[in-house]
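**Q**
Protein chains: 2
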Amino acid sequence: MKLYTYYRSSAAYRVRIALNLKGIACEQVGVHLVKDGGQHRTEAYAAINPLRLVPSLEDGGRYMTQSLALLEYLEDTHPTPPLLPADAFGRARVRALCLSVACEIHPLNNLRALGYLTGTLGVDEDAKMAWYHHWIHEGFRAIETLLTADAGAGTFCHGDSPTLADCCLVPQVYNAHRFGVDIGAYPTIRRIEAACLALPAFDAARPENQPDAD
Amino acid sequence: MKLYTYYRSSAAYRVRIALNLKGIACEQVGVHLVKDGGQHRTEAYAAINPLRLVPSLEDGGRYMTQSLALLEYLEDTHPTPPLLPADAFGRARVRALCLSVACEIHPLNNLRALGYLTGTLGVDEDAKMAWYHHWIHEGFRAIETLLTADAGAGTFCHGDSPTLADCCLVPQVYNAHRFGVDIGAYPTIRRIEAACLALPAFDAARPENQPDAD
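Below, the structure is given as structure tokens:
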């Protein structure tokens, strides 16, 4: 397996965590999103991922895209240890948490959306950062609510072992820290982040620990 | 089962299609997103969905949220007819198509994002519609590319029977039509939309055919 990754991409970070938790050997290929005008924009990379997005996963000569689809693929092909619960309701709960990150926060705050705000709409730096913080708070309020609405959370987002929900949450909290978002109002998210980062699989997946970090 | 739905919500529309394709009997409860200042904003609805989002699904007295999690739940609990392929690579391909709608287009164009643009950022109607069209074109270019990059597509997004990818694509094309987006540049998307709408399961799920349509 090969993971086409960028150390700061939170979508790639999700997949790195899952690979580590499952102990899957996987070569990492760095695709720098800024250097050289964006290495993901090249024709060479389009042959790997026609959407020119990071991450991509190669397995057996076939290429796949979209981080949540990659997480499900790893779960499908390497079911041990499981990163989804055994019961259908639990799986729906974990997936709802993943999607609360992947649909409610990340698309609004990624480079493309921010670029449209400052480029096409002429939004200034302060208003851009207010937008960024707004969607993190909206999403984290929702996730904190989901995590505390029932007894599903344990040490981690769902029970006492990590799931795909933790793989999605931790990179989003990393982004919140990076952009100075105060997450004091989300004690459950903070507690789970600390529990995750204490595990070697999460620690090794951190952006600053990647071979392509600069 | 009960589906808490709004006829124009494209996320609810995805779930209605899947319910119909699987022939699952499900009571529909209308939650009007505009009337009464938004019926999803009430405390009564927060008890059903703490995120106050539509759709929600009730099954056996338990409530679930996030449309893609609901689609996977229906697949988990009612596997026949299958809406995901039998092979892991095919499942990754279908999920990547679903996520290209649910992560790359819909979050940027939903009511919340548009409300922030016009409210907080003071963007005018023309610039708002340009934003809306921009993200549909970005996403549809990606989806058209994914659909034609390999031999996976048949009559439908993946092979010759409908999958979750079609459940996500058709509501997004409906939104494109509703807001006057010219989709002439996406012949595969148009062909698949026509094939889907010819099926009773898709036709019955159309917004204008819902009991809560106004």
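Protein chains in written order, with the numbering used here: chain A, 1241 to 1454; chain B, 1241 to 1454.
The C-beta atom is built at its ideal place from N, Cα and C for all residues, glycine as well.
#1: Classify residue 1302/B as buried or exposed, calling it buried when 16 or more other Cβ atoms lie within 10 Å of its own Cβ.
#2: Which of the three DSSP states is assigned to residue 1291/B in this structure?
#3: Report the residue ranges of all alpha helix (DSSP H) runs contained in full by the segment 1330-1401 of chain A; include only those spanning at least 4 residues, in chain order.
#4: So residue 1257/B and residue 1445/B are supposed to be a Cβ contact under 8 Å. How far apart are they, rounded?
#5: Is residue 1365/B close to chain A, meaning its C-beta is less than 9 Å from at least one C-beta of that chain?
#6: Is residue 1408/B close to chain A? Criterion is C-beta to C-beta, closer than 9 Å.
#7: Does the CB of residue 1295/A have a neighbour CB from chain B at under 9 Å?
#8: Tell me the DSSP secondary structure of residue 1248/A in three-state form.
#9: Interface residues of chain B around residue 1369/A at Cβ under 7 Å?
#10: Tell whether a beta-carbon distance below 9 Å holds between residue 1450/A and residue 1245/A.
#11: Quick one, which residues of the segment 1312-1324 of chain B are near chain A if we go by CB-CB under 7 Å, in chain order?
#12: According to DSSP, is residue 1269/B part of a helix, a strand, or is it coil?
#13: Please compile the residues from chain B whose C-beta is within a distance smaller than 7 Å of the C-beta of residue 1347/A.
#14: When you check each C-beta in the segment 1374-1397 of chain A against every C-beta of chain B, which residues fall closer than 8 Å?
#15: Check each candidate in 1333/A, 1313/A, 1326/A, 1322/A and name the one with the smallest Cα separation from residue 1324/B.
#16: Indicate whether residue 1289/A and residue 1440/A have their beta-carbon atoms separated by less than 9 Å.
#17: Just to make sure I have the definition right: I need the residues of chain A whose C-beta is within less than 8 Å of the C-beta of residue 1340/B. Which are they?
#18: Measure the CB-CB distance between residue 1380/A and residue 1410/A and report whether it falls below 9 Å.
#19: State the Cα-Cα distance for the pair residue 1396/A and residue 1328/A, rounded to the nearest angstrom.
#20: Any contact of the segment 1381-1391 of chain A with the segment 1289-1298 of chain B, i.e. 3+ C-beta pairs under 8 Å?
#21: Tell me the DSSP secondary structure of residue 1305/A in three-state form.
#22: Go to residue 1299/A, then tell me how far its beta strand (DSSP E) extends in each direction, as first and last residue.
#23: How long is the line joining the alpha carbons of residue 1351/B and residue 1319/B, rounded to whole angstroms?
#24: DSSP three-state call for residue 1457/A: helix, strand or coil?
#25: Taking 9 Å as the CB-CB limit, is residue 1441/A close to chain B?
#26: Just how far apart, CA to CA, sit residue 1391/B and residue 1400/B?
**A** So, from the data block:
#1: exposed
#2: coil
#3: 1346-1349, 1351-1358, 1365-1389
#4: 4 Å
#5: no
#6: no
#7: no
#8: coil
#9: Ordered by position in chain B, no residue passes the 7 Å Cβ test against residue 1369/A, which lies about 13 Å from the chain.
#10: yes
#11: 1312, 1313, 1316, 1317
#12: strand
#13: 1343, 1344, 1347, 1348
#14: 1374, 1378, 1382, 1385, 1386, 1389
#15: 1313/A
#16: no
#17: 1291, 1306
#18: no
#19: 18 Å
#20: yes
#21: strand
#22: 1296-1299
#23: 33 Å
#24: This structure does not reach residue 1457/A, given that chain A is present from 1241 up to 1454, and the question cannot be answered.
#25: no
#26: 12 Å
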